[in-house]
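First the structure, in the form of structure tokens, and then the observations on it.
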Amino acid sequence: MIEGATVRQAGPEDAVGGVLPRWVALPESVEEVAAVLRACAERDLAVVPAGGGTKLHWGAPPERCDVRLDLGRLDTILEHAAGDLVVRAQAGVTMGALAAALADEGQELAVDAPFPEDATVGGTLATAPAGPRAFRYGTPRDLLIGVTVVLPDGTVARSGGKVVKNVAGYDLGKLFTGSYGTLGVIAEATFRLHPLPAARRWVRAEVDAADLPGIAAALAASQAEPSAAEVDRPEPDARPALAVLAEGAAAESRAAELRELVGGGEISDAPPPWWGLVSRDETLVEVRFPATGLAAVLEAAERAGLAVRGSVLSGRVLMAPSAPMEPEVLAGLRRRVEAAGGRVNVLVTPHAGLDRWGQVSALPLMRRVKERFDPGRRMSPGRFVGGI
Amino acid sequence: MDPKLINDCVHCGFCLPTCPTYVLWGEEMDSPRGRIHLMKQHVEGTPVTPEMAGHFDACLGCMACVTACPSGVRYDRLIELTRVEVERRHERDPQERAVRGIVFSLFPYPRRLRLTRPVTPLARRMAGYVGRANPSLGAMAALTPRVERRERLPRVVRARGERRAVVGMLLGCVQREFFPQVNAATARVLSMEGCDVVIPPRQGCCGALSVHAGREEQARRLARRTVRVFERAGVNTVVVNSAGCGSSMKEYGELLGEEPGFEVRDLSEFLAELGPVAERHPLPLTVAYHDACHLAHAQGVRSQPRELLAGIPGLEVREIPESAICCGSAGTYNIFRPEAARDLGDRKAKAVGSTGAELLVSANPGCTMQIAAAMRRAGDDIRVAHMAEVLDASLRGVGL
Amino acid sequence: METLTAALLSVLPRDSVITDPVRLRTYECDGLTYHRATPGVVVLPATAEQVARVVRLCNDFGVPFVARGAGTGLSGGALPREDGVLIVTSKMRAILEIDLPNRRAVVEPGVTNLAITEAVREQGYYYAPDPSSQQVCSIGGNVAENSGGAHCLKYGFTVNHVEACEIVTPDGDLVTLDRMDPGYDLLGAFIGSEGTLGIATKITVRLSRAPEAVTTVLAAYESIEQGGQAVSEIIGAGIVPAAIEMMDALAIEAAEAAVACSYPEGAGAVLIVELDGPAAEVERQFARLREICAGAFELRVAADAAERAAIWKGRKSAFAAVGRISPAYIVQDGVVPRTALPGVLAAIDRISAEHGIRVANVFHAGDGNLHPLVLFDDAEPGAGERAEVVSGAILDLCIEHGGSITGEHGVGVDKARYMPRMFSETDLDTMQLVRCAFDPEGLANPGKVFPTPRLCGEVPGVRKGVHPLVESGKAEQF
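Residue numbers (UniProt numbering), protein chains in the order written: chain D, 1 to 388; chain W, 1 to 400; chain Y, 1 to 478.
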């Protein structure tokens with residue numbers, strides 16, 4: 001069907017959010033990605049880009065999906081300029097493989113991507129999950145310095161570059177990061193890196209839920225500079241587990257300082273087993289909130305009967321129910337969280353009609369962006385906010 | 001005007017946040033960068049329009065921009081030359097002319113100023129009424145301070161203890177007539193620190209007000225006379241306790257084309273150089289020190305007064321926020337531009353109030369009057385004192 | 001313009017609309033004086049609603065508008081349009097809210113960068129991006145330019161420190177872009193768009209906790225090569241300092257003349273390295289840094305805040321200070337990968353000698369951001385042209401080495417013509433899609449960033465014939 005790229009018939013395992021594509025395209029280069037998209041444009045085929053498929057069930061199912069564009073074969077690390085603390089990689093490189101290569105030079109990409117064994121660079125950017133260390137290093141968009149994208153009509157475009165400091169032109173990387181494949185395909189990405197810290201120590205403790213907001217405020221203001229503070233509360237009424245990370249040559253002494261703020265606990269050179277893990281359950285809710293909203297968010301989760309895991313410093317936690325979540329439970333949760341200045345995003349749910357994203361003030365502008373980039377609505381149609 | 005001086009400005013804008021009128025209004029043409037641009041327009045052939053003159057007149061001449069400028073633009077020189085040009089080319093409206101006439105035939109002449117003293121209490125009471133008729137005259141009336149008993153100073157005040165220096169002392173016009181106690185304190189402090197203080201009785205105005213207003217001829221005449229008086233007195237150093245006078249006298253060379261036969265020093269500057277010998281008695285006070293523009297910006301004297309204050313046991317010095325921004329007094333500014341001066345005064349009063357200090361110390365009579373008036377308005381009365389008075393109290397071991 | 005002015009007067013107070021020609025001319029340029037244009041009319045709105053009304057009027061009349069903050073930009077991003085409205089935010093300078101528990105402040109666009117830090121310093125917080133002009137440049141301008149500063153090596157740029165912006169879109173709507181909201185990262189796209197996607201009217205910035213320890217070191221080297229070597233070793237040792245700055249002999253001479261910074265005499269290069277963070281970390285990094293800087297002929301360590309300020313004073317004043325050693329100069333801003341620095345500096349030397357034009361180098365060595373100051377005497381015939389050639393050749397060097405034509409000053413009007421050298425036509429066309437989504441009428445700061453504006457109705461692809469805007473004289477083809 002398409003010149004220059006491998007295409008096969010899709011099977012049930014290729015479904016995206018329950019929607020079965022007709023074909024799976026397996027391009028091996030940026031040019032082949034462009035060729036596939038051009039061909040799809042000519043035939044008005046809807047395309048869903050996919051990497052490791054670990055988060056393909058996040059977001060709404062596509063309205064239609066003719067081609068699953070599998071980027072797994074674009075798996076080359078193109079350039080690691082260690083002296084410049086920069087790496088350029090193709091979209092299909094897994095986060096695990098990238099981390100391993102960088103570690104050889106004593107460096108890392110400070111994105112704690114979930115499912116690193118399978119998740120790819122492209123998929124991590126498209127969904128932009130914030131990992132535990134986002135408090136210190138920011139989210140994927142903060143570390144991306146250059147990007148090559150392929151537009152729905154097959155146009156290949158670059159923005160940014162391979163230097164960290166660069167303000168020439170619009171930052172398409174920011175626009176594509178977290179766009180859930182609705183604007184085009186991320187084909188290559190360049191990131192700024194950090195040196196691997198000399199040591200890491202975790203303060204691990206169980207705390208009272210009522211004490212958490214105070215502890216979190218103290219940690220955030222601490223000049224011992226924690227890199228992350230994660231909470232895990234597997235049962236809504238359980239005593240939360242807290243783990244605080246210090247990174248650097250003096251991690252041990254700083255961890256001791258941080259332990260004072262936590263009010264006790266053990267210092268360990270390994271994270272707790274749940275650190276940074278994301279549930280693969282059939283309901284997953286992301287809650288973002290300002291620091292002062294923590295108490296209200298914890299209480300809202302408790303009322304909704306949700307397990308909580310995530311960062312108390314950067315104000316982002318994931319919640320999962322033990323049973324599928326009813327729309328009215330969601331409505332209650334959203335009401336409480338929004339009253340505390342936060343946001344509720346339903347990443348995964350079996351309910352088709354559920355309002356996943358809530359009200360977005362800039363939605364009209366977003367629609368206009370979508371309209372410009374994908375006038376034919378062929379890229380992951382319907383998957384993102386407002387059915388974009 | 002020298003285009004080269006104008007071209008030194010690279011338009012970086014570092015002067016903007018230090019300019020009192022830009023702080024008030026946020027408009028380019030009322031910033032030093034904008035005014036230099038207007039000067040450039042004029043040099044390139046644009047006549048002085050009323051709008052243009054208004055923006056030059058609005059400049060307080062505080063010279064905070066000179067301190068802030070990394071390119072070394074001589075804005076002080078530029079604005080003085082511009083004011084001369086404005087005076088020469090620009091026809092002011094009759095009312096404005098009348099007010100300027102009163103000011104320039106009154107302030108530079110201590111004897112005429114003295115004649116107004118009996119009516120100052122009346123003037124203060126009538127300020128509101130006068131202000132409705134003419135805001136400038138109203139401002140002038142409201143500012144007049146309560147005058148203390150006049151102290152006649154001898155021609156020479158001898159050094160106490162070992163003589164370490166012989167200095168001349170400028171009495172100033174406003175200082176002499178409205179703040180005679182400051183001059184007395186200055187002479188005592190100098191004497192207690194071991195100076196013979198020579199005070200020529202026939203001295204007049206130093207010319208500062210006229211320089212700052214672009215009245216070049218009057219300025220030269222007054223300057224020449226001052227130089228003559230102090231040269232005849234035979235002193236090598238003239239100590240000045242009024243920042244505005246000191247900064248102008250330091251520029252006599254530029255105004256007259258030749259350097260006078262003596263050096264000019266601000267009181268704080270001189271005392272810091274001389275070093276303390278007299279015993280300091282404790283003054284248990286919290287004071288806010290106000291940087292007079294003509295001391296801090298025009299003369300670069302910032303650390304010396306703070307050091308002198310810090311040398312007094314029991315006295316705590318508090319910094320005033322936004323200390324680089326002018327209080328709005330600026331010589332005759334509070335008379336010619338009463339609204340702007342009032343806004344700046346209110347801003348300064350708020351900043352001074354935020355320090356919680358009991359006493360405000362400054363080295364310029366204009367600032368003292370201006371800030372005290374603003375604080376009175378805000379119902380946040382504060383005691384004010386000149387640097388010399390504080391030192392005098394400490395040296396003599398009396399309260400303030 | 002007269003009817004528009006009348007309409008503007010109906011939505012703004014009289015003294016917020018400037019029409020007097022003498023006054024208008026004071027707005028003819030920003031920090032880059034090379035490009036000048038007297039604006040058709042200047043407005044000084046006091047509220048977001050007023051900005052929106054002005055923009056809506058511009059739409060009604062089909063008149064372009066340009067936003068301006070403090071006018072300190074160095075790429076002519078705020079160059080006015082003679083046929084347009086200049087919207088100046090210098091009256092919108094209230095700090096609306098300081099919310100320390102949530103580590104954020106909400107400010108109006110005219111607030112200066114430094115004012116934010118000053119408002120929270122006593123509580124132990126600060127606003128991290130610190131462009132050299134921080135005491136004067138406005139936060140609205142920082143958002144437009146995505147300003148960095150000496151400390152962005154470790155802490156990132158404006159885009160990494162802004163949580164939300166209320167903007168007036170090019171068609172006059174008030175919209176809030178918030179990092180917390182789901183959806184496209186329009187905030188990320190907006191920041192650094194140089195006023196071409198709208199005007200920020202309210203900005204929520206993130207406040208950072210002041211570090212426990214700061215150590216500032218000044219290392220003097222015989223040559224710029226030795227200094228460069230030290231930079232590589234610092235990075236190689238896994239240290240990420242808060243800042244690494246370098247100045248060459250000529251730049252030191254200028255700073256010395258301007259602010260008497262007393263840098264070590266006879267230095268071919270000085271390196272300023274600032275370490276910050278938890279005291280225990282800084283101590284260890286400093287020990288390592290001392291070893292690395294063993295080759296310096298003098299090493300000064302700031303003992304307190306005053307000494308730290310003294311070390312920074314020379315660096316921060318360097319740009320304007322060059323006015324003391326040269327009648328005229330061009331401030332260039334380019335980026336190369338850090339490892340390419342030695343080669344590029346040598347090449348700049350060669351170009352400088354070839355054209356008989358002196359170049360002073362001041363740069364953020366940690367991230368390869370060069371600020372060559374190209375010196376010339378504007379009274380000397382042909383010198384200005386030669387300086388332009390040298391300045392352009394330096395940008396070509398940056399592009400050749402895989403760098404950027406601007407690290408922090410922006411593209412503005414000055415570098416739009418270099419964009420096609422750094423990006424392909426399809427890259428630029430793709431960026432135009434964003435522009436067209438926000439500003440289909442092309443009224444927001446037209447003529448900046450992009451060399452040839454494409455009409456938004458056009459289909460991307462190979463361009464045929466003369467562009468209609470070029471034909472009508474509204475645009476210039478590069």
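We put the CB at the ideal spot given by N, CA and C, even for glycine. Quick caveat, the model's predicted, so the values are computed rather than measured.
Taking CB distances under 7 Å as the criterion, tell me whether residue i reaches chain D.
i               : result
K405 of chain Y : Reading off the sequence shown, one finds Ile at residue 405 of chain Y, where the question assumed Lys. Yes, its Cβ sits closer than 7 Å to a Cβ of chain D.
L186 of chain Y : yes
A189 of chain Y : yes
V175 of chain Y : yes
D276 of chain Y : no
Note the first and the last residue of the continuous beta strand (DSSP E) segment covering residue i.
i               : result
S362 of chain W : 359-362
R25 of chain Y  : Counting along the chain, R25 of chain Y falls outside any beta strand (DSSP E), though it belongs to the alpha helix (DSSP H) covering 21-25.
V156 of chain D : 156-160
A219 of chain Y : 213-221
I77 of chain D  : 77-81
T148 of chain D : 144-150
Closer than 7 Å, CB to CB, is residue i near chain W or not?
i               : result
T196 of chain Y : no
T72 of chain Y  : yes
A119 of chain Y : no
S132 of chain Y : no
Sort out for me which residues DSSP pairs residue i with in a bridge.
i               : result
Q90 of chain D  : D:E188
L284 of chain D : D:V348
P372 of chain Y : Y:N361
W357 of chain D : Beta-bridge pairing links W357 of chain D to no other residue.
C165 of chain Y : Y:L177, Y:I203
V23 of chain W  : Its beta-bridge partners do not exist; DSSP assigns none.
I116 of chain Y : Its beta-bridge partners do not exist; DSSP assigns none.
Kindly indicate the opening and closing residues of the alpha helix (DSSP H) around residue i.
i               : result
F230 of chain W : 216-233
P321 of chain D : Not the alpha helix (DSSP H): P321 of chain D falls in the beta strand (DSSP E), residues 316-321.
A316 of chain W : Note on residue identity: the sequence assigns Glu, not Ala, to residue 316 of chain W. Looking at the DSSP string, E316 of chain W is not in any alpha helix (DSSP H); the run it does join, the beta strand (DSSP E), is 315-319.
E302 of chain D : 294-304
Alpha carbon to alpha carbon, how far is residue i from residue j?
i               : j               : result
G204 of chain W : Y75 of chain W  : 28 Å
I325 of chain W : A115 of chain Y : 14 Å
I36 of chain W  : S193 of chain Y : 31 Å
M379 of chain D : V150 of chain D : 11 Å
A89 of chain D  : P129 of chain D : 19 Å
Y22 of chain W  : G61 of chain W  : 13 Å
A37 of chain Y  : V10 of chain W  : 17 Å
S16 of chain Y  : P45 of chain Y  : 6 Å
D439 of chain Y : T169 of chain Y : 8 Å
V240 of chain W : P260 of chain W : 15 Å
S248 of chain W : Y333 of chain W : 16 Å
L345 of chain Y : G227 of chain Y : 12 Å
D83 of chain Y  : S10 of chain Y  : 20 Å
At the 7 Å Cβ level, is residue i part of the contact set with chain Y, yes or no?
i               : result
S268 of chain D : no
S323 of chain W : no
Next on the checklist: At a CB distance below 7 Å, what residues from the segment 243-258 of chain D approach chain Y? Give them in sequence order.
Outcome noted: Flagged, chain order: G248, A249, A250, S253, R254.
Checklist entry - Looking at chain Y, which residues of the UniProt domain "4Fe-4S ferredoxin-type" (1-29) of chain W have a Cβ within less than 7 Å of any of its Cβ atoms? => result Per Cβ criterion, the list reads D8, V10, H11, C12, G13, F14, L16, P17, G26, E27, E28, M29.
Next on the checklist: Against chain Y, which members of the segment 283-300 of chain W pass a CB distance test of less than 9 Å?
Outcome noted: None of the residues of the segment 283-300 of chain W has a beta carbon lying less than 9 Å from any beta carbon of chain Y.
Item to check | Residues within the segment 351-374 of chain Y neighbouring chain W, beta-carbon criterion of under 8 Å | outcome: Cβ contacts with chain W come from no residue of the segment 351-374 of chain Y.
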